[in-house]
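Working notes for the structure below.
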Amino acid sequence: MSSRKEAAARALWSPAVRGLRAYVPGEQPQGTGWIKLNTNECPYPPSPRVLDAVREAADERLRLYPDPTALALRQTIAKRFGLTPEQVFVGNGSDEVLAHAFCALLRHGRPVLFPDVSYSFYPVYCALYGIEPQPVPLDESFRVRVADYRRGNGGIVLPNPNAPTGIALSLAELTQLLEGNPGSVVVIDEAYVDFGAESAVALIGRFPQLLVVRTLSKSAALAGLRVGFAMGHASLIEALHVVKDSFNSYPLDRLALAGAQAAIEDDEHLQALSARIATSRQWLVQQLDGMGFHCLPSSANFLFVRHASARAAELFSALRERRILVRHFKQPRIDNHLRITIGTQAECEALVDALRHILSTSSSAGAPISAPIGTP
């Protein structure tokens, strides 16, 4: 399309869309032979019970709409977390659940607070819904300071553990955050909580402004099924349903509903996967430390690292040439860091071998990948 025709076509866009800077997901390569350590997917298969449930649901009933209330799944989640179905909302991945939360609960004409280094979808949602974003700087160690959130706001969104840093807040710190913001909705995004952090679900009964959002994409190994859910006071959940039913009454299909219910019921499998990944995470930290990397303390299924001398962008490219994908964010404060998903133990070992070769080759050639850098 010519530039003139393209400009004419874009003139038909809504004004609000023209200024959006959409979220950019991690690369999904075509073909085989890649080691994908860039999108925080689980490297192991989901529960066999999930696969059985999906197969059983794939029958002639696909001609019918699924349950718009997802009642069976909400009942299963409620039982698992000691809540009522009225305290549970489900959606097409936690991204959709978060989007509904921004729309339903955070549009008050006041700024929404979230960390300056965090999930990059949050400012996108703010722009989409006309919310003023107010990033709150992490400290020099990339940690959230709860006291910094004691200011006027229209809501708070906080991943725990944070992404991409992997650092988690304790339950005591989350309690302090909620106590300091009694008049604002506080959304705790627990996408990675199963890998070593404390969940805020235990605080729902004490704090009616708390909304906890989770996903089955990470610890349950169901990124391809697209299921997320939120838990909180029934009044917050009601607002999410109003937005959902004004947008799409059927966000989860029959296969997703069946598979998600089976995943929640097989908590033993989820715990086993999380423990296995935590073991590989500890091993990988030890190996990277020995090669001159600084790894932030992670309670997630990934590590956030920088090297003492090698530039992250060049390491990213060198790994990609070897068909190993990690994540590099080109933004202030973190452009010299890499986020590395914990893969299988074999994938972690392949990553370590590749990095050793890259670093030793540049050193033996007499020219390091880059000049030494300071600490953040």
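Take the sequence shown: its letters are residues 17 to 392, numbered as in the working numbering. Heads up, the beta-carbon is just placed ideally off N, CA and C, and yes, glycines get one too.
> Using the C-alpha atoms, what's the distance from Ala69 back to Ala400?
Replying inline: There is no way to answer for residue 400, as the model of the chain reaches only from 17 to 392.
>> Judging by CA-CA distance, which residue of Asp83, Phe130, Arg343 and Ala86 is the nearest neighbour of Val162?
In response: Phe130
> Which class does Leu154 belong to by DSSP, given the choice of helix, strand or coil?
Replying inline: coil
>> Please list the terminal residues of the continuous beta strand (DSSP E) segment that includes Val209.
In response: Per DSSP, Val209 belongs to no beta strand (DSSP E) and is neither H nor E.
>> Mapping the DSSP letters down to three states, classify Leu341 as helix, strand or coil.
In response: strand
>> Please classify Arg90 as buried or exposed, where buried requires at least 16 other C-beta atoms within 10 Å of its C-beta.
In response: buried
> What are the uninterrupted segments assigned as beta strand (DSSP E) that are 3 or more residues long and contained completely in the segment 268–353, given in chain order?
Replying inline: 309–311 and 318–323
> Taking 9 Å as the CB-CB cut-off, is Leu319 touching chain D?
Replying inline: The question asks about chain D, but that chain is absent: this structure has only one protein chain.
> Apart from the five residues on each side of it in sequence, which residues of its chain come closer than 7 Å, Cβ to Cβ, to Ile280?
Replying inline: Thr92, Ile93 and Arg96
>> Closest to Val202 by C-alpha separation, out of Ala324, Leu219 and Asp210, would be which residue?
In response: Leu219
>> Please state the DSSP three-state secondary structure of Gly107.
In response: strand
>> Please report the distance separating the alpha-carbon of Ser110 from that of Ala117.
In response: 10 Å
> With distances taken from CA atoms, which of Phe263, Tyr135, Ser233 and Leu144 is nearest Val152?
Replying inline: Tyr135
>> If the criterion is Cβ atoms closer than 9 Å, does the pair His285 and Pro62 meet it?
In response: yes
> When the distance is taken between beta carbons, is Leu241 closer than 9 Å to Ala276?
Replying inline: yes
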